Every structure is written in structure tokens, then in C-alpha cells.
Amino acid sequence: MNGHLYILGMGPGDPELVTRKSERILRQTVVYAYFAKKGEVGHARKIADDMLSSQHQELRFEYPITTEIPHQSNEYKEALALFYDQSAKIIEQHLQDGQDVALLCEGDPLLYGSAMYILERLQPNYLTHIVPGITAMSGCWSAAQLPIVKYEQTLTVLPATLPLEELVTKLRLCNAAVIMKIGRNLSKVKQALQSAGLLDKAIYIERGTQTEEKMVPLTQFKDSKAPYFSLILIAGL
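Each position in the sequence shown, counted from 1, maps to that position plus 635 in the numbering used here.
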């Protein structure tokens, strides 16, 4: 009998924000997997540190280095598709051996989570279970004590990788917004917010809910780029 795949939302960073269900399943599942950048521990793996024992078997999937490839290019998409194919195949081998596998994902697995690409590849042939997690955005607006939307206001979630003109257009139409995937797009995001008349409302949060948390008005953040685990909040008026 094939094993089951459990995709566990591990929350934004504070281990105490991991749900009891995700922790229980992780402790009971021998094989666990996670994604990480080269030379780094992996955020979801770091969150889970105190929940693991010597009895666990680790599957580490290290992202290919693609910083020199434009993210909109076919080459970038093909490199990641191959990476997810290979990762899914390794997990599949364990499932075929009758072993359950817990795939860890920071935040919520289905909100910009790499785990969704494994789900697409394995869901047709294996039993899969998804445990939701607290999102980075909700962790950050709670840390900031920032009411994000009220009454009939709408919330827009934007990736900073969008072209400048598209960012400006969408920002002008929104009541409140969360901008994710900041990284090297920070200067472009600031320009878009300035054009949309929202720069003074923007709050920058880095590593929200973690011990290294940093939170400032975006106008006071002078760096030209931001780490991966950062986002910008614009609350509704």
C-alpha cells in the first residue's frame, strides 16, 4: 500500500504559531522533506527544529541557482519545472515503499508555496493531505497591530515581480494591499507606491514573527533590496 503525502503549513516563522495538527503529523511521520536555498538551512526546516528527533529521515531539496536567469523567461520556468519533477520523484519513491512523507512549507502551502508544485505532480496518483498554516501576511499585520481591512474594503495581494506599470495600475485600484516577493524588486515597488500615492502608508516588515523581526515605515527603509522573507503592508483607509 502506498504511503500518504502530508503537506504541512509551518506558519511564518515563530514555532509557537505552528498548528497542533501540523506538529502532531510531523512528529508521527518518519520521512519529512523541505526546500532550501544553497548554503541555507531552509526556513520551514528551521521552524520545525524542536519537533524532530533522531528517528526522522530528512529529504532536503535544494533550489537550483537561477539568479542570473530572468524570472519571466522560459529557461527559468524550465529549470524550476525540472527541479520539481526530480523532487517529486524522490518523494514518490518513498510513497511507493509505503512510507508517509511530510512536506514542510513556510506560511500556508497554497499561497505562493513551492509545495503546490509537488502537489500538482503527485495528487493524481497518491492520497494527499494539506494542513493550512498561518500566512506570512497575517503574522505580519498582527505583529504590526495593523487592522488591514474594514467593512466592505477589499484586500489585494500583489507579487513584486509584476511589471512597474501593472503594479501602479493595481495599487491605484485597491483599498488595502500586501506586496510579497520583494527582494531585488524593492526600488520598483517604491516607485509604484509613489506613483499610486501610497508610499506614505506603506509598512515594511522583514522576518515577521521571528526573533530577527524588523518593522519600519517604508519611507524609512533605505536599502536598495530586501531579503526573501519580507513584505509590505498598506492598510485600508
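Where is the CB? At the ideal position from N, CA and C, for every residue including glycine.
All of these numbers come straight from a predicted model, not from anything done at the bench.
So is Y786 buried or exposed if we call it buried at 16+ other beta carbons inside 10 Å?
So Y786 ends up on the exposed side.
Report buried or exposed for E755, applying the criterion of at least 16 other Cβ atoms within 10 angstroms of its Cβ.
So E755 counts as exposed.
Kindly list the residues whose CB is nearer than 6 Å to the CB of V653, restricted to its own chain and excluding five residues on each side of it in sequence; keep chain order.
Only M645, G646 meet the Cβ criterion.
So, using beta-carbon positions, are G784 and L802 closer together than 8 Å?
The question names Gly, but residue 784 in the sequence shown is Val. Not in contact: V784 and L802 (Cβ atoms no closer than 8 Å).
Which value, in whole angstroms, describes the spacing of the CA atoms of I769 and I700?
28 Å
Counting only the same chain and skipping the five closest in sequence on each side, list residues whose C-beta sits under 8 Å from that of A827.
L799, L802, V803, L806
Under 8 Å between the Cβ atoms of L738 and L640?
yes
Helix or strand or just coil, what does DSSP make of Y641?
strand
Rounding to the nearest angstrom, what Cα-Cα distance links E710 and L717 in this structure?
Counting only the Cα atoms, L717 lies some 11 Å from E710.
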